[in-house]
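As numbered in our numbering, residues 1 to 240 make up the sequence shown, in order.
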Amino acid sequence: MRLQGKRAFVTAAGQGIGRAIAERFMAEGASVVATDLNPALLEGLDCETAALDVTDKAALTGAVQAAAPDVLVNCAGFVHAGTIAEATDAEFDFALGLNVRSQFHSMQAVLPGMVERGGGSIVNVASVVSSIVAAPNRFVYGATKAAVIGMTKSVALDYVTKGVRVNCICPGTIESPSLQDRLHAMGDYEEARRAFIARQPMGRIGTAEEVAALALYLASDESAFTTGQAHVIDGGWAVG
1 MRLQGKRAFV
11 TAAGQGIGRA
21 IAERFMAEGA
31 SVVATDLNPA
41 LLEGLDCETA
51 ALDVTDKAAL
61 TGAVQAAAPD
71 VLVNCAGFVH
81 AGTIAEATDA
91 EFDFALGLNV
101 RSQFHSMQAV
111 LPGMVERGGG
121 SIVNVASVVS
131 SIVAAPNRFV
141 YGATKAAVIG
151 MTKSVALDYV
161 TKGVRVNCIC
171 PGTIESPSLQ
181 DRLHAMGDYE
191 EARRAFIARQ
201 PMGRIGTAEE
211 VAALALYLAS
221 DESAFTTGQA
231 HVIDGGWAVG
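Written as structure tokens, this is what we have:
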């Protein structure tokens, strides 16, 4: 029970990585507040749940402050497809709002309480496709996830003496509903899936549960000496 007595707030907890994290945290004794834009996706989670649009600053701030969590997991995000030539201002603005600004607002909301209570752990979900590696047709996505890494390091440094640790997880290709949607959108599902697997040095796609295991470590006191780090979990993609 590595999170016994801790309260955790998780965004985008309805499916994929977010749900796996919420479930793992509960299994390890945490009291979890699981949120998602679509409340129907939260069915079946044996914890406190709430509908939440993380791009609504007032709603997000209010929910985070009311929860007063010891652990904040920023998992909400969206993968945009296309090169810089194809990107629109509207797509870039949307990505900044969902992938970056929501994490800025949630961290801003949770930090005063964490400091007052003597500490806490913030886990931001970034991506290996960021400032770490490039992927084709991921201009907007890569830019926003690089920003998440930058924010993580900045906040970690500013709060390193105040008991608050801030880290981010940089997943590679992970089996999830989001991945399924992207594969289907590429036209030839089977060919697209083979291509995604082919770029994985381990020869397989990762699982949400594997990412959740890393999130558990970063949320728990086992990682008490770790902050400001971008933790890559990508099956060796970034190695070379």
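Glycine included, every Cβ here is placed at the ideal spot set by N, Cα and C.
All values reported here derive from a predicted model rather than from experimental measurement.
Span of the beta strand (DSSP E), counted from its first residue to its last, around residue i
i, result
"Val164", "164-171"
"Glu48", "48-51"
"Arg7", "7-10"
"Gly120", "120-125"
Of the residues the options, the one placed nearest residue i, counting alpha carbons only
i, options, result
"Asp158", "Glu190, Pro112, Glu191", "Pro112"
"Ser311", "Gln180, His105, Cys170", "Outside the shown range of the chain, which is 1 to 240, sits residue 311, and nothing can be said about it."
"Arg299", "Gln229, Arg194, Leu216", "Residue 299 lies beyond the range of the chain shown here (1 to 240); nothing can be said about it."
"Ala66", "Ala76, Val32, Gly14", "Val32"
"Ala95", "Met107, Gln108, Thr83, Val79", "Val79"
"Gly228", "Thr88, Thr161, Ile84", "Thr161"
"Gly163", "Ser176, Gly5, Gly118, Phe104", "Gly118"
"Glu209", "Ser176, Arg101, Gln103", "Ser176"
"Leu37", "Asp188, Met26, Ala51", "Ala51"
"Gln15", "Ala27, Ala58, Leu45, Thr226", "Leu45"
"Thr83", "Ala185, Asp181, Asn137, Lys6", "Asn137"
Integer Cβ distance of residue i from residue j, believed to fall under 8 Å
i, j, result
"Val64", "Val110", "5 Å"
"Arg24", "Ala213", "7 Å"
"Val148", "Val166", "No, Val148 and Val166 are not in contact; Cβ-Cβ is about 11 Å, not under 8 Å."
"Lys145", "Asn99", "7 Å"
"Ile17", "Val211", "5 Å"
Reduced DSSP secondary structure (H/G/I, E/B, other) of residue i
i, result
"Gly29", "coil"
"Thr207", "coil"
"Ser176", "coil"
"Val239", "helix"
"Val74", "What sits at residue 74 in the sequence shown is Asn, not Val. If DSSP states are grouped into helix, strand and coil, Asn74 belongs with the strands."
C-beta contact flag for residue i and residue j at 8 Å
i, j, result
"Leu42", "Thr49", "yes"
"Ala20", "Val10", "no"
"Asp234", "Val128", "yes"
"Cys168", "Ala219", "no"
"Ala8", "Pro69", "yes"
"Ile205", "Thr173", "yes"
"Pro201", "Val239", "yes"
"Arg193", "Leu183", "yes"
Unbroken alpha helix (DSSP H) run spanning residue i, endpoints
i, result
"Ile149", "139-158"
"Ile84", "Taken as a continuous stretch (DSSP letters only), Ile84 belongs to no alpha helix (DSSP H), as it is neither H nor E."
"Leu111", "102-117"
"Ile233", "Not the alpha helix (DSSP H): Ile233 falls in the beta strand (DSSP E), residues 230-233."
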